[in-house]
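A.B. asks: Handing you a structure now.
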Amino acid sequence: MVKGDTDDTIDNRFRQRAWYVFFFICIYMAAELSGAITIVDFSRAGEVSRFTPNNATLSAVTSSVGPAMRVVSSIGGVHPSALIVSNTGWDLSAFGELTFKVTNLDTVPLTVICQLKGPHPLYPVVVTKTYTLALQSNRSGTFRIPLTPTPLSNLYNAAYFAGMPAPRMQGAGPLAVGNTAPGTAFGDTMAALDRITDIIIYTISSPSRVARYDVGNIVATGTPGSFPVAAFPFIDRFGQFMNKDWPQKTHCTEELAWFREQEVNDLAANPKPVSWDSWGGWQDGPTRAATGAFRTEKVNGKWYFVDPAGKLFFSHGFNNVNDGNWTALTGRDTWFEEKPAYDAEFYNSSGLNLFRYVIKQKYGSNYSTDYADTCLKRLPSWGFNTIGNWSQPSIYNQRRVPYIATISTAGAIRLTNISGAVPASFPDVFNISFSNELVAKMQSAVINTSLNDPWCIGYYVDNEMPWKTSTTTADVAAAEVVQAYDALRGPATQAAKIALVSDLQAKYMLVSALNAQWNTSYASWNDVLNLNPPAYNAGMYADLYAFNDKTATKYFSTVSNVIKSLAPNRLYLGCRFALLTWHAAQAAGRYCDVVSFNVYAKLWTNSGSITYQVAGDKPYIISEFHFG
């Protein structure tokens, strides 16, 4: 009670506060009542019939998620799915998320995928946004699909309306009004949220089993978040997003020094696990033969790395352990709150290395040495025993954490069309330049130090090679013989084309026999060698598939032979598969010591390439993994 208050004053103040509470409760209840709409309600008769099935059967059920649609896929069907379309489009612009429950009815894990489609707000293109939900066996989960435009979308729109150069990703052309697919170059798109036209729910097809799951009511709910429309600049002088705050965000250089001091203390208090040996292997586990080099061995039916001391080694590492990357500045001048003054340490023809600049602010003039030392302490402290792909030699060459070195055959002659265009950036493995390029890279200053280094586990050679074209290609068969067809489209002097035509001539002998099979009209074998081929047709498939198999065998055998001749104690860890074909994976299994896969899934079991053991009984490594 405040001096001078009367009972009436207190009573009035109480009534006034009670009114405010009642007022806000009413507002909250009104928001709750009006803050959601049901897009699909399976309690309504005939609701399932609004969906179009593809390689799946749909039925109405009552399940653990309430009224639901049961989806049962067909075995081997491509993208078994359920599609619902709105001709006028659903207006979801007033909501924060689209949500619905899914129950996996099977005894194996399942990933369910949801796609939203709608027009781009500025250009006459359709935008597809994809979301995934990983479910363990007989478990339910909930899709919560954000409907708020992303910061990048707002940046693009802000640039457009301000008549400014639009943001773009490094290596992509600048965006301009009239570009038919601005989101493709920028790396982030948004659909017009007031005109979502398609909702597609599907799973990846399986050659051996059906997928069974229930989908609950689809509801738009919540209120959209927001990002600033006038979002320039949006990067502060430490490379951080300016318009949000979060714990441990750096606000000044004094904080950088404080963070460093805290980390020094933390790393001292938390060194590497006591169960590791000096290589990061399992100190207390079984002891195998110690060879002084990393190798692989099958122990009790499972493949393992074995470290130089003979201990089992589970490789757990980071890619890109380095002091930053270069960011192009063209068209980005408006992005930055403040850029560092010009210094050759931080600027080159590729742009700006802002990360390196911040490291110097944190560690001082000796930043390169001190930062490398910190990285080599961080990794084991955090439970990581491997320095992965694309990492900095000046860090891994200190020989304190095992590493994998990276080799690229980008300098070898590529497959080209008759016009000279490079169709898919695949090397002509039948040209001597391919093996010569590998030898040169192995003997280069960067790789040469690793040839006899026991801290080097081995080598990744190349990255996500285009073994097939996109899985969205209409003709799946054509997508899987892309190297052979590209060789066929090459000039007569291309080694791969010479090898292919030689194989065809040996098989058919008469060009008329080839014409009968391929539905072509070549006059002679010289025409096959010198002319552009006709469009792909199914009659070509068997021959092109055989040559693709030969190409894969040539690729992996050549790389293996070069590595084993120059670095016999280092392992060949493959090409980090992304899009792959069976023959490429099987060839890798024959010639790689370990077969590597880049997996973008929340559960590794959702990656069919690994689950089905396409490379055979070999050690597999997930060489790139991230989800967010």
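Residue numbers (my numbering): 130 to 757. Glycine included, C-beta positions come from ideal geometry on N, C-alpha and C.
#1: Give a yes or no on contact between the segment 573 to 583 and the segment 522 to 533, applying the rule of three or more CB pairs nearer than 8 Å.
#2: Can you look up Gly225 in the DSSP assignment and give me helix, strand or coil?
#3: Enumerate, from N- to C-terminal direction, the unbroken alpha helix (DSSP H) stretches of 4 or more residues contained entirely within the segment 533 to 608.
#4: For Ala267, list the residues DSSP reports as bridge partners.
#5: Return the residue from the list Ala667, Thr167, Ile751, Thr352 that minimises the CA-CA distance to Phe224.
#6: Measure the alpha-carbon distance for Thr787 versus Gln490 and round it to whole angstroms.
#7: So, at 8 Å on beta carbons, what are the nonlocal neighbours of Tyr637 in its own chain, with the 5 sequence-adjacent residues on each side left out?
#8: Closest to Val743 by C-alpha separation, out of Gln623, Val724, Gly549, would be which residue?
#9: So Ala707 packs on Asn727, CB below 8 Å; how close in whole Å?
#10: Alpha carbon to alpha carbon, what distance is there between Ala574 and Asn560?
#11: Given Pro663, which residues of its chain have a CB within under 7 Å of its CB, disregarding the five upstream and five downstream residues?
#12: Between Lys597 and Ala730, what straight-line distance do the alpha-carbon atoms span, to the nearest angstrom?
#13: Give the DSSP bridge partners of Ser497, in chain order.
#14: Which first and last residues belong to the beta strand (DSSP E) in which Ile242 is found?
#15: If we ignore side chains and look at the alpha-carbon of each, how far apart do Ser215 and Thr326 end up?
#16: Would the segment 433 to 452 count as touching the segment 409 to 425 if we require 3 or more Cβ pairs under 8 Å?
#17: Let me make sure I understand the geometry here. Which of Gln377, Thr456, Leu385 has the alpha-carbon closest to that of Ser479?
#18: My guess is that Asn233 and Arg179 are in contact by the Cβ rule of under 8 Å, so how many angstroms apart are they, rounded?
#19: Closer than 8 Å is the cut-off here; do at least three beta carbon pairs connect the segment 490 to 507 with the segment 383 to 399?
#20: Let me confirm a value: Asn655 is counted as buried when at least 16 other C-beta atoms fall within 10 Å, else exposed. Which label applies?
#21: Within 10 angstroms of its Cβ, does Ile204 collect 16 or more other Cβ (buried), or is it exposed?
#22: According to DSSP, simplified to helix, strand and coil, what is Thr463?
#23: Evaluate Glu467 with the Cβ neighbour count: other Cβ atoms within 10 Å of its Cβ, from every protein chain shown; 16 or more gives buried, anything less gives exposed.
#24: Anyone know if the C-beta pair for Leu239 and Ile328 falls short of 9 Å?
#25: Is the beta carbon of Cys585 within less than 8 Å of some heavy atom of the ligand ZN?
#26: Comparing C-alpha positions only, which one of Ile542, Asn565, Val254, Ser562 sits nearest to Ser554?
#27: If we ignore side chains and look at the alpha-carbon of each, how far apart do Tyr588 and His445 end up?
#28: Alpha carbon to alpha carbon, how far is Ile274 from Ser202? Give it in angstroms, no decimals.
#29: Please state whether DSSP places Thr352 in a helix, a strand or coil.
#30: Return yes when the Cβ of Val177 is within less than 9 Å of the Cβ of Ala189, no when it is not.
#31: Can you tell me the Cα-Cα spacing of Thr601 and Leu673, whole angstroms?
#32: Give a yes or no on whether the C-beta atoms belonging to Leu245 and Leu227 are separated by under 9 Å.
#33: Name the two residues that bound the continuous beta strand (DSSP E) containing Asn183.
#34: Using the Cβ count rule (16 or more neighbours within 10 Å means buried), how would you classify Leu639?
#35: Could you tell me which residues DSSP puts in a beta bridge with Phe272?
#36: State the start and end residues of the unbroken alpha helix (DSSP H) segment that holds Tyr749.
C.D. replies: The short version:
#1: Judged by Cβ distances under 8 Å, the segment 573 to 583 makes contact with the segment 522 to 533, as three or more pairs qualify.
#2: The answer is coil: DSSP assigns Gly225 none of H, G, I, E or B.
#3: For the alpha helix (DSSP H) assignment, the uninterrupted runs of no fewer than 4 residues enclosed by the segment 533 to 608 are, from N- to C-terminal side, 561 to 571, 574 to 577, 605 to 608.
#4: First, the amino acid is wrong: residue 267 is Asn here, not Ala. Beta-bridge pairing by DSSP links Asn267 to no other residue.
#5: Residue Thr352 is the option with its Cα nearest to Phe224.
#6: Outside the shown range of the chain, which is 130 to 757, sits residue 787, and nothing can be said about it.
#7: Beyond the five residues adjoining it in sequence on each side, Tyr637 comes within less than 8 Å, by CB distance, of Leu643, Gln646 in the same chain, given in chain order.
#8: It is Val724.
#9: With 8 Å as the limit, Ala707 and Asn727 qualify as a contact, their Cβ atoms being about 5 Å apart.
#10: Those two C-alpha atoms are separated by around 25 Å.
#11: These residues qualify, in order along the chain: Thr649.
#12: Each residue's CA atom was taken as its position, placing Lys597 and Ala730 some 20 Å apart.
#13: In the DSSP output, where bridge partners are listed per residue, Ser497 has none listed.
#14: In the DSSP assignment, Ile242 falls within the unbroken beta strand (DSSP E) covering 239 to 248.
#15: Rounded to the nearest whole angstrom, the C-alpha separation of Ser215 and Thr326 is 5 Å.
#16: Contact holds: three or more Cβ-Cβ distances are below 8 Å.
#17: Nearest to Ser479 by C-alpha distance, out of Gln377, Thr456, Leu385, is Thr456.
#18: Between Asn233 and Arg179 a beta carbon distance of about 23 Å is seen, past the 8 Å cut, so the two are scored as non-contacting.
#19: Cβ pair count under 8 Å is three or more, so yes.
#20: Classification for Asn655: exposed.
#21: By the 10 Å Cβ count, Ile204 comes out exposed.
#22: In the three-state reduction of the DSSP assignment, Thr463 falls in the helix class.
#23: It counts as exposed.
#24: No, Cβ-Cβ distance for Leu239 and Ile328 is not below 9 Å.
#25: This structure does not include the ligand ZN; it has no bound ligands of any sort.
#26: Ranking Ile542, Asn565, Val254, Ser562 by CA distance to the CA of Ser554 puts Ile542 first.
#27: In a straight line, the C-alpha of Tyr588 is about 16 Å away from that of His445.
#28: If you take the alpha carbons of Ser202 and Ile274, they lie about 23 Å apart.
#29: Thr352 falls in the coil class under three-state DSSP.
#30: For Ala189 and Val177, yes; Cβs fall inside 9 Å.
#31: Only weak support exists for where Thr601 lies, its pLDDT of 46 falling under 50; the value from the coordinates is given anyway. Roughly 20 Å between the two C-alpha positions.
#32: Judged by their CB atoms, Leu245 and Leu227 are nearer to each other than the 9 Å cut-off.
#33: Per DSSP, the unbroken beta strand (DSSP E) holding Asn183 starts and ends at 181 to 183.
#34: Looking at its Cβ environment, which holds fewer than 16 other Cβ atoms inside 10 Å, Leu639 is exposed.
#35: For Phe272, the beta-bridge partners assigned by DSSP are Phe229.
#36: Counting along the chain, Tyr749 falls outside any alpha helix (DSSP H), though it belongs to the beta strand (DSSP E) covering 749 to 754.
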